[in-house]
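What follows is a single structure, written as structure tokens, with notes after it.
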Amino acid sequence: MNIHAIANNGFSVGRNAEGMVVFVEGAVPGDEVEVEFFAKKKGSWFGKINQLIQASIHRKEPHCAHFGVCGGCSWQHIDYAEQLHQKELWAKDAIQRIAKIPNALFEPIIPARETTYYRNKLEYTFSTHRWKLFNETETAEDQNKALGFHRPGHFQKIVDIHHCFHQGGVSNDIRNFIRAYTMEQGWDYYDIKNHTGLLRNLTLRSNSLEEYMCIICFGRDDQEKIHQLSNAVSKTFPQIKSIYTAVNTKYNDSIYDLDLQLFYGIPFLTETWEHVKFLIGPKSFFQTNPKQAQVLFQLIESYCELKGGETILDLYCGVGSIGIYLARNAAKVIGVETIQAAVEDARKNALANNLENCEFHMGMAESLELSSWILERARPDIVIVDPPRMGLHDKVCQELLKMQIEKLIYVSCNPSTQARDIDRLSEKYKVIKLSPVDMFPHTNHVECVALLSLRT
């Protein structure tokens, strides 16, 4: 079977001898493969490679020892030029098929500045249920411990990570030190089945200066060991500027409802981009690829064509990063966000940048009568929307149609729902241009920025 494309579900696509579509795990466009089938869903077969008969010219050797196991970089075996080509095809296919947008309006995909070590946040789990490789036999209890990522499809199992190409600097050294230190001390790791164990989660955040924030969650309150580990980590790594600790006795790993204690250092990391800076706390929602986020924001700014007198409405604004980035060239920025903690961070970030023309409000965009709510404050000249993967709520589309704003910029992490919404808005808005952006190399994720203007 010849593989000719990659579907937006991450599986590669080929056809069998009968012409039936087959989704193949781990194949590359241009591969010739023999497939072993393992499922049939909605009339399509799913399979994995039984034999690679002829490798594609786009196939490459993965650079990570954990490839194919941890699930974090599922496209490492595809050369980067082909990754970009496939992502560009996805975005174009979805938007042309659903919203009927002509090919001429698409700008070329913008590649990532860096394809490894581009993330500023990683979350690890301590576990007594290490994922074993196919040739491993039963091991002693200590050898079943792991500090790493959940195995896709087997949430209770953790892949023990020794080197991750997502986060650079001393990130790998910090994680490996914590594993070695706690193993040497004989401390117990979290057992998800029995809800027991001292060590539970580790989050590492960083900024472009390669300064680090370490967040360690414990399964029980053992202050002696909490202090011992935190002291050992802070003394070993001067790059760590803050350590937070928390005790989590819940049945989920979320830190957002936990009482985090600043054990060491400063409460925030500072990330500086060109003319702006952002304060990053342990619970902050922030762009996870900061260098490429700057590329994304520069694109948005170019689409805005600000002259200095515009009012910008920033929906789904998060910590206010887009609005704050644009504020120096705008008269006013009004941000709306559903999460109170993010709104508070947005206000802190505006204050840190001495911006008096930004205001941020908590609220669900779909629950507001946007047209009347906004007009009480100021009529916007530009609306920027950056919704979650599900796209815009129908009520938001209706309000945008009512408001009839001159310029609308739609930032999306899901071109399919973006295409649906562009089609909904087409009664009053027309697409001027679109540009895919690769924010996450070696994954099947792609962003797409669309510029729409009010029909005359």
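Sequential numbering from 1 applies to the sequence shown in our numbering. In this text, a Cβ means the ideal position worked out from N, Cα and C, and glycines have one as well. Just so you know, these numbers come straight off a predicted model, no measurement behind them.
- Counting every other CB atom within 10 Å of its CB across the protein chains shown gives residue 16 a total below 16, marking it as exposed.
- Around the beta carbon of residue 189, 16 or more other beta carbons sit within 10 angstroms, so the residue counts as buried.
- The stretch 420-435 makes no contact with the stretch 282-297, as fewer than three CB pairs between them are under 8 angstroms.
- Judged by DSSP secondary structure, residue 177 falls outside any beta strand (DSSP E) and instead within the alpha helix (DSSP H) spanning 171-185.
- Take residue 112, set aside five residues on each side of it, and the residues of its chain with a beta-carbon closer than 6 angstroms to its own are 292, 438 and 441, in chain order.
- Around the beta carbon of residue 77, a 10 Å sphere encloses 16 or more other beta carbons of the protein chains shown; the residue is thus reported as buried.
- DSSP places residue 415 within a helical segment (H, G or I) once states are collapsed to three.
- Annotation for residue 213: the continuous beta strand (DSSP E) segment containing it runs 212-218.
- When secondary structure is reduced to three states using DSSP, residue 260 falls in the coil class, being assigned neither helix nor strand.
- At the C-beta level, residue 247 and residue 268 stay beyond 8 angstroms of one another.
- Taken in chain order, the complete beta strand (DSSP E) segments of 3 residues or longer contained in the stretch 337-376 are 358-362.
- Per DSSP, reduced to three states, the secondary structure at residue 300 is helical.
- The three-state reading of DSSP puts residue 5 in strand, counting E and B together.
- DSSP places residue 324 in the uninterrupted alpha helix (DSSP H) bounded by 321-326.
- Under the Cβ criterion (8 angstroms, minimum of three pairs), the stretch 39-53 does not count as touching the stretch 63-76.
- Segment contact: the stretch 234-242 against the stretch 312-320, fewer than three CB-CB distances shorter than 8 angstroms; contact not assigned.
- Put simply, the backbone Cα of residue 172 is about 38 angstroms away from that of residue 303.
- Counting only residues of its own chain and dropping the five nearest sequence neighbours on each side, residue 322 has a CB closer than 8 angstroms to the CB of 297, 300, 314, 384, 386 and 411.
- With respect to residue 200, residue 213 sits apart: the two C-beta atoms are not nearer than 8 angstroms.
- Residue 207 places its beta carbon less than 8 angstroms from that of residue 271.
- Per DSSP, residue 228 lies in no beta strand (DSSP E) segment; the continuous alpha helix (DSSP H) that holds it begins and ends at 223-236.
- A Cβ-Cβ separation of about 6 angstroms places residue 401 in contact with residue 427 under the 8 angstroms criterion.
- Under the three-state reduction of DSSP output, residue 448 falls in the strand class.
- By the CB criterion at 8 angstroms, residue 365 and residue 358 fall outside the cutoff.
- In the displayed model, residue 436 falls within a strand according to three-state DSSP.
- When DSSP reads this structure, residue 86 sits in no beta bridge, so it has no partner.
- Counted as a single uninterrupted DSSP element, the alpha helix (DSSP H) harbouring residue 401 occupies residues 394-403.
- Annotated as distal: residue 25 and residue 37, with beta-carbon spacing of 8 angstroms or more.
- Residue 168 sits away from residue 159, with the two beta carbons spaced by 8 angstroms or more.
- Look at residue 27 here: in three-state DSSP terms it is coil, with no helix or strand label.
- Closest by C-alpha distance to residue 256, out of 122, 342 and 3, is 342.
- Between residue 332 and residue 325, the alpha-carbon positions lie close to 12 angstroms from each other.
- If the five residues before and after residue 251 are omitted, its C-beta is found closer than 8 angstroms to the C-beta atoms of 195, all from its own chain and listed in chain order.
- The Cβ neighbour count for residue 170, taken over all protein chains shown within 10 Å, is at least 16; the residue is labelled buried.
- In the three-state scheme derived from DSSP, where H, G and I count as helix and E and B as strand, residue 93 is classed as helix.
- Judged by their CB atoms, residue 31 and residue 60 are not nearer to each other than the 8 angstroms cut-off.
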